[in-house]
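Input: a single structure, listed below in structure tokens.
There are 2 protein chains.
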Amino acid sequence: MSRPTERVDVLLAELRRRGQRITTGRRAIAEVLVGADNLSAEEIVAAVQDDHPDLAASTVYRTLETLEEAGLIEHVHLGHGPARWQLANKPFHHLVCEGCGMVQLVPRSLFDELRARVVLEFGFEIAFQHFATVGRCAHCRD
Amino acid sequence: MSRPTERVDVLLAELRRRGQRITTGRRAIAEVLVGADNLSAEEIVAAVQDDHPDLAASTVYRTLETLEEAGLIEHVHLGHGPARWQLANKPFHHLVCEGCGMVQLVPRSLFDELRARVVLEFGFEIAFQHFATVGRCAHCRD
DNA sequence: GGCGTAACTGCGAGCTGCTCGCAACTCCGA
DNA sequence: TCGGAGTTGCGAGCAGCTCGCAGTTACGCC
Numbered sequence: 050m051s052r053p054t055e056r057v058d059v060l061l062a063e064l065r066r067r068g069q070r071i072t073t074g075r076r077a078i079a080e081v082l083v084g085a086d087n088l089s090a091e092e093i094v095a096a097v098q099d100d101h102p103d104l105a106a107s108t109v110y111r112t113l114e115t116l117e118e119a120g121l122i123e124h125v126h127l128g129h130g131p132a133r134w135q136l137a138n139k140p141f142h143h144l145v146c147e148g149c150g151m152v153q154l155v156p157r158s159l160f161d162e163l164r165a166r167v168v169l170e171f172g173f174e175i176a177f178q179h180f181a182t183v184g185r186c187a188h189c190r191d
Numbered sequence: 050m051s052r053p054t055e056r057v058d059v060l061l062a063e064l065r066r067r068g069q070r071i072t073t074g075r076r077a078i079a080e081v082l083v084g085a086d087n088l089s090a091e092e093i094v095a096a097v098q099d100d101h102p103d104l105a106a107s108t109v110y111r112t113l114e115t116l117e118e119a120g121l122i123e124h125v126h127l128g129h130g131p132a133r134w135q136l137a138n139k140p141f142h143h144l145v146c147e148g149c150g151m152v153q154l155v156p157r158s159l160f161d162e163l164r165a166r167v168v169l170e171f172g173f174e175i176a177f178q179h180f181a182t183v184g185r186c187a188h189c190r191d
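Going down the list, the protein sequences come from chains A and B. Using the numbering used here, the letters of the first sequence correspond one by one to residues 50 to 191. Using the numbering used here, the letters of the second sequence correspond one by one to residues 50 to 191.
So, in structure tokens, the structure goes:
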């Protein structure tokens, strides 16, 4: 994994490559996303406003959308409640317990077999990363 | 599959058994749920108000919650947008295309192998029915 | 460095999809 | 028929965004 500032620069460079502009707000948002994982928009707003108190929440929402369109980040729904944001193409998937709310990371490859089977039988390509898989953890099953 | 009115009576009888009351509003909502599949709360409100124009939307939301707590119906999230409601324990799962919005029903048993594996390896029991599985259909993959 | 302009931002209103408090009403066992 | 707990309508409120608009800013070009 490369150094944080390097990863921020890669994100912003890709925006630039797409004819978009690099602003201090966007840099701050990219830094937050690189520095922490799986944040809600509200948490990102709070983190960014520590250093840039004038940055509007709507700007954060718009920047997240822009970064997602560029394929640089993605959002995942862990259940009811706000979407959560992370860098794109993480090799993990979320299991969320409906009982206690615990989130467990499992390798995405776990789903390869099922994905292959569904493509074969139904022509449908599953994108597991957009919604978490909910259920009950070992502890809550008792 | 039993006759519609019979199914409505079974739903309402279970409510009664739990010390709750059967009202014309609840009967109307149960009839809509038995008669159509996979409706949003707003669609249920509209359908019920055809015959009972004074029935409030908040009553529909509360009744859906009550029926779900009784294990008689369940809601599923097909993506962004409102939850959708159906009778509980349908043997189907939803595949939703992110491209065109198409919803395809597949047997729940398709997921049995993965479920068994995740229980074994992580002690986690997946409940696939609460969130649809999103991805891209054969048509949109081209 | 200065300029022009398209991209971006802050502000605040608005929207969807519920959720809740409260007073009025109604179902149903006795 | 009656009492009271369960249910309802109404409307305000809330989370989590989304959008329109006017003002500001980045950056390619000179």
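For every residue, glycine included, the Cβ atom is placed at its ideal position computed from N, Cα and C. Please read all numbers here as calculations on a predicted model, not as lab measurements.
Cβ-heavy atom distance, residue i to the ligand ATP, below 8 Å
| i | result |
| --- | --- |
| A/Thr108 | Of the ligands one can find in the structure shown there are none, so the ligand ATP has no counterpart to examine. |
Residue i versus residue j - alpha carbon distance
| i | j | result |
| --- | --- | --- |
| A/Cys146 | B/Gly68 | 30 Å |
| B/Phe173 | A/Leu144 | 8 Å |
| A/Arg133 | A/Ile78 | 14 Å |
| A/Leu82 | B/Arg76 | 50 Å |
| B/Glu55 | B/Asp99 | 22 Å |
| B/Ser89 | A/Ser107 | 29 Å |
| B/Glu63 | B/Glu114 | 14 Å |
| A/Val109 | B/Pro131 | 24 Å |
| B/His142 | B/Gln135 | 12 Å |
| B/Pro102 | B/Gly74 | 10 Å |
| B/Val168 | A/Arg190 | 11 Å |
| A/Leu121 | A/Leu60 | 7 Å |
| B/His188 | A/Asp161 | 21 Å |
| B/Val94 | A/Pro53 | 50 Å |
| B/Leu163 | B/Leu104 | 43 Å |
| A/Arg70 | A/Leu116 | 12 Å |
| B/Glu80 | B/Glu118 | 18 Å |
| B/Glu92 | A/Glu91 | 31 Å |
| B/Ala137 | A/Ala137 | 35 Å |
Selected residue, minimal CA-CA separation from residue i, among the options
| i | options | result |
| --- | --- | --- |
| A/Gly84 | A/Thr73, A/Ala96, A/Asp103 | A/Ala96 |
| A/Gln171 | B/Pro156, B/Val168, B/Asp161, B/Glu162 | At residue 171 of chain A the sequence reads Phe, which differs from the Gln that was named. The shortest C-alpha separation from A/Phe171 is found at B/Pro156. |
| B/Cys186 | A/Asp191, A/Cys186, A/Ala176 | A/Ala176 |
| A/Arg166 | B/Asp86, B/Leu159, B/Val168 | B/Leu159 |
| B/Leu72 | B/Ile122, B/Glu118, B/Lys139, B/Thr112 | Residue identity differs from the one stated: residue 72 of chain B is Thr in this sequence, not Leu. Per the Cα distances, B/Thr112. |
| B/Asn87 | B/Lys139, B/Glu162, B/Asp161, B/Leu163 | B/Lys139 |
Original post:
Given a limit of 8 Å on CB to CB distance, which residues of the stretch 134-147 of chain A reach chain B?
Top reply: Identification of residues in the stretch 134-147 of chain A having a C-beta nearer than 8 Å to some C-beta of chain B yields Leu144, Cys146, Glu147, given in sequence order.
**OP:** Taking only runs that begin and end inside the stretch 106-185 of chain A, name each unbroken beta strand (DSSP E) of 3 or more residues, in chain order.
**Re:** Taking only runs of at least 3 residues, the beta strand (DSSP E) segments lying wholly in the stretch 106-185 of chain A are 122-125, 133-136, 141-146, 152-156, 182-185.
Original post:
Touch check for the stretch 172-188 of chain B and the stretch 111-128 of chain B: three-plus C-beta pairs under 8 Å?
Top reply: With the cut-off at 8 Å, the stretch 172-188 of chain B and the stretch 111-128 of chain B touch.
**OP:** Report yes or no: do the stretch 146-162 of chain B and the stretch 131-148 of chain A share at least 3 C-beta pairs separated by less than 8 Å?
**Re:** Touching, no.
Original post:
What are the complete alpha helix (DSSP H) segments, minimum 4 residues, inside the stretch 64-89 of chain B?
Top reply: 73-84, all fully within the stretch 64-89 of chain B.
Original post:
When you check each C-beta in the stretch 50-78 of chain A against every C-beta of chain B, which residues fall closer than 9 Å?
Top reply: Per Cβ criterion, the list is empty.
**OP:** Mind checking the stretch 90-124 of chain B against chain A and listing, in chain order, the residues whose C-beta falls within less than 9 Å of any C-beta there?
**Re:** So nothing in the stretch comes that close.
**OP:** Please list the residues of the stretch 149-166 of chain A that have a C-beta atom closer than 9 Å to any C-beta atom in chain B, keeping them in chain order.
**Re:** Gln153, Val155, Leu159, Phe160, Glu162, Leu163, Arg164, Arg166: these are the residues of the stretch 149-166 of chain A whose beta carbon lies less than 9 Å from some beta carbon of chain B, given in chain order.
Subject >> Chain-ordered residues of the stretch 168-182 of chain B with a beta carbon less than 7 Å from chain A >> reply: For the stretch 168-182 of chain B, the beta-carbon criterion of a distance under 7 Å to any beta-carbon of chain A is satisfied by Phe171, Gly172, Phe173, Glu174, Ile175, Ala176, His179, Phe180, Thr182.
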